[in-house]
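Student: Count the sequence shown with this note's numbering and you get residues 958 to 1212, in order.
Glycine is no exception: its CB is placed at the ideal position from the N, C-alpha and C atoms.
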Amino acid sequence: MKFVVAPMGSAGDVHPLVGVGKSLEARGHDVVMVVLAGMSGSSERAGLRTIRVGNEQQFEAILHDPDLWHPRRAFGLIAQWIPLVAREMMAALGPELDGKETVMVAGGLAFGARALGEARGVPVVTMQLQPMVFMSAQEMPVMVAGGEWMRGMPQWARRMFFRMVNWQIDRLLRKSVNEIQREAGATGKVKGIFREWWHSPDGVVGLFPDWFAAKASDWPKQAVTTRFVLYDKGQVRAADPQLEAFLAGGGGGSG
958 MKFVVAPMGS AGDVHPLVGV GKSLEARGHD VVMVVLAGMS GSSERAGLRT IRVGNEQQFE
1018 AILHDPDLWH PRRAFGLIAQ WIPLVAREMM AALGPELDGK ETVMVAGGLA FGARALGEAR
1078 GVPVVTMQLQ PMVFMSAQEM PVMVAGGEWM RGMPQWARRM FFRMVNWQID RLLRKSVNEI
1138 QREAGATGKV KGIFREWWHS PDGVVGLFPD WFAAKASDWP KQAVTTRFVL YDKGQVRAAD
1198 PQLEAFLAGG GGGSG
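Listed below in structure tokens is the structure:
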């Protein structure tokens, strides 16, 4: 079987899916990674066939935009970036979906994979790295720093809060996501993007154990938890010489 693995984001998003890709490869499957150009080194060093999407300058510009680290403006920046990358990803993924039986393994923000899978009838398994993305009113996550008090709200208030959050997300993304759907050839209009749509109906895997976050009743029914991905890229990447010298010198601290 062929697995097309499509993480979307920075190193923290890519690294676990490289581990998943290596595990699939070890079981005899054909694996290809489709990764943002600025983050492709991890999969390339791991020996996985890698297709780069976009360019490093574009990625660095987003990474160093001060709005990315702003508690209110960050999502607006991401909302502008998602459709651009989704289109580039669809162009890269398309040729990989012909031929033998194929499954896409995609990060939550890999909207191009989600849309193309629906259009082509190719199964997509969504990989979610943290329980917070399920926005559970039953098991309320701490969404922002200083938001711990929200966990004390009654469930009806929590549900109302998440409805407001999802309304805002749809307001920013619905038009572009529906454009991506049409370009991919998928039918129907999308709503509830973070509430439902980005969780593939074919399967959702939480890459964490149930002792870390047990599945709540208001998570997607198709979601399962597994374990943390224990992939150590130190096997394929030597430590930085300056770091080695720092450690050999006792860390340079005075205690």
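#1: Can you give the beta carbon distance from L1164 to F1185, rounded, assuming they're within the 8 Å contact cut?
#2: Does the distance from the C-beta atom of A963 to that of A1070 stay below 7 Å?
#3: Does the Cβ of H972 have 16 or more other Cβ atoms within 10 Å, making it buried, or fewer, making it exposed?
#4: Mind checking D1197: buried by the 16 CB within 10 Å criterion, or exposed?
#5: Between which two residues does the alpha helix (DSSP H) carrying K1128 extend?
#6: What are the boundary residues of the alpha helix (DSSP H) that includes K979?
#7: Considering only the beta carbon of each residue, do G995 and F1016 sit closer than 7 Å?
#8: Rank H1021, F1091 and G1051 by C-alpha distance to the C-alpha of H1156 and give the top, closest one.
#9: Which residues in the same chain have their Cβ closer than 8 Å to the Cβ of P1166, if we skip the five residues on either side of it in sequence?
#10: Have a look at W1176 and Q1014 and give me their C-alpha separation to the nearest angstrom.
#11: Indicate the three-state DSSP secondary structure (helix, strand or coil) for M1046 in the structure shown.
#12: Quick check: L1187 and A1036, are their CB atoms within less than 7 Å of each other?
#13: How would you write the range of the beta strand (DSSP E) that R1009 sits in, first residue to last?
#14: Once DSSP output is grouped into helix, strand and coil, what is the label at K1190?
#15: Please state whether DSSP places F1204 in a helix, a strand or coil.
#16: Does DSSP put A1072 in a helix, in a strand, or in coil?
#17: Provide the residue span of the beta strand (DSSP E) that contains A963, from first to last.
#18: To the nearest angstrom, report how far apart G1064 and K1172 are at their CA atoms.
#19: Could you tell me the alpha carbon to alpha carbon distance between S1133 and G1207, rounded to whole angstroms?
#20: Under a Cβ-count criterion, where at least 16 other Cβ atoms within 10 Å of its own Cβ denotes burial, should P1088 be classed as buried or exposed?
#21: DSSP three-state label for D987, please.
#22: I need the straight-line Cα distance from Q1179 to Q1199, nearest angstrom please.
#23: Does the region 1093–1110 come into contact with the region 1136–1155, if we say contact requires no fewer than three beta-carbon pairs (one atom in each stretch) closer than 8 Å?
#24: Can you tell me the Cβ-Cβ gap for L981 and F960, rounded? I've got them flagged as a contact below 8 Å.
#25: Who are the Cβ neighbours of H1027 in its own chain at under 6 Å, not counting the five residues just before and after it?
#26: Can you look up Q1085 in the DSSP assignment and give me helix, strand or coil?
#27: Apply the 10 Å Cβ neighbour rule to L1050 and answer buried if 16 or more other Cβ atoms are within range, or exposed otherwise.
Tutor: Taking the structure as given:
#1: For the purposes of this step, residue 1164 is taken as the residue at position 207 of the sequence shown. For the purposes of this step, residue 1185 is taken as the residue at position 228 of the sequence shown. Confirmed, about 7 Å.
#2: Here residue 963 refers to the residue found at position 6 of the sequence shown. Here residue 1070 refers to the residue found at position 113 of the sequence shown. Contact: yes.
#3: On the sequence shown, position 15 is the one that residue 972 refers to. Buried: at least 16 other Cβ atoms inside 10 Å.
#4: As a position in the sequence shown, residue 1197 is number 240, starting the count at 1. Classification of D1197: exposed, given that the 10 Å Cβ count is below 16.
#5: If you number the sequence shown from 1, residue 1128 lands on position 171. With the sequence shown as reference, residue 1128 is identified as Arg, and Lys is not the correct amino acid for it. Residues Q1112 to A1141.
#6: Working through the sequence shown from its first residue, we reach residue 979 at position 22. K979 -> alpha helix (DSSP H) spans A968 to A983.
#7: As a first step, residue 995 must be located in the sequence shown, where it is residue number 38. As a first step, residue 1016 must be located in the sequence shown, where it is residue number 59. Cβ atoms of G995 and F1016: closer than 7 Å.
#8: Against the sequence shown, residue 1156 aligns to sequence position 199. Ranking H1021, F1091 and G1051 by Cα distance to H1156 puts F1091 first.
#9: Against the sequence shown, residue 1166 aligns to sequence position 209. Excluding positions up to five away in sequence, the list reads T1182, T1183, R1184 and F1185.
#10: In the sequence shown, counting from the first residue as 1, residue 1176 sits at position 219. In the sequence shown, counting from the first residue as 1, residue 1014 sits at position 57. Rounded to the nearest angstrom, the two C-alpha atoms are 37 Å apart.
#11: Reading the sequence shown from its first residue, position 89 is the one you call residue 1046. M1046: helix per DSSP, three-state reduction.
#12: On the sequence shown, position 230 is the one that residue 1187 refers to. On the sequence shown, position 79 is the one that residue 1036 refers to. Taking 7 Å as the Cβ cut-off, L1187 and A1036 do not qualify as a contacting pair.
#13: One-based indexing of the sequence shown puts residue 1009 at position 52. That run of the beta strand (DSSP E) goes R1006 to V1010.
#14: Locating residue 1190 in the sequence shown gives position 233, where the first residue counts as 1. Helix.
#15: Locating residue 1204 in the sequence shown gives position 247, counting from the first residue. Sequence check: residue 1204 is Leu here, not Phe. In the structure shown, L1204 sits in a helix (DSSP, three-state: H, G or I).
#16: Translated into the one-based positions of the sequence shown, residue 1072 becomes position 115. Helix at A1072.
#17: For the purposes of this step, residue 963 is taken as the residue at position 6 of the sequence shown. Counting along the chain, the beta strand (DSSP E) containing A963 begins and ends at K959 to A963.
#18: On the sequence shown, position 107 is the one that residue 1064 refers to. On the sequence shown, position 215 is the one that residue 1172 refers to. Approximately 19 Å, taken between the alpha carbons.
#19: The sequence position of residue 1133 within the sequence shown is 176, counting from 1. The sequence position of residue 1207 within the sequence shown is 250, counting from 1. When rounded, the distance between both Cα atoms is 52 Å.
#20: In the sequence shown, the residue the question calls residue 1088 occupies position 131. When all chains shown are included, P1088 counts as buried.
#21: For the purposes of this step, residue 987 is taken as the residue at position 30 of the sequence shown. Three-state result, D987: strand.
#22: As a position in the sequence shown, residue 1179 is number 222, starting the count at 1. As a position in the sequence shown, residue 1199 is number 242, starting the count at 1. Roughly 46 Å separates the two Cα atoms.
#23: no
#24: Taking the sequence shown and counting its residues from 1, one reaches residue 981 at position 24. Taking the sequence shown and counting its residues from 1, one reaches residue 960 at position 3. With a Cβ gap of about 5 Å, L981 and F960 count as contacting.
#25: Taking the first residue of the sequence shown as 1, we reach residue 1027 at position 70. Counting only Cβ-Cβ distances below 6 Å, and skipping sequence neighbours, we find nothing.
#26: Along the sequence shown, one-based indexing puts residue 1085 at 128. Three-state DSSP puts Q1085 in a strand.
#27: Along the sequence shown, one-based indexing puts residue 1050 at 93. Burial call: buried.
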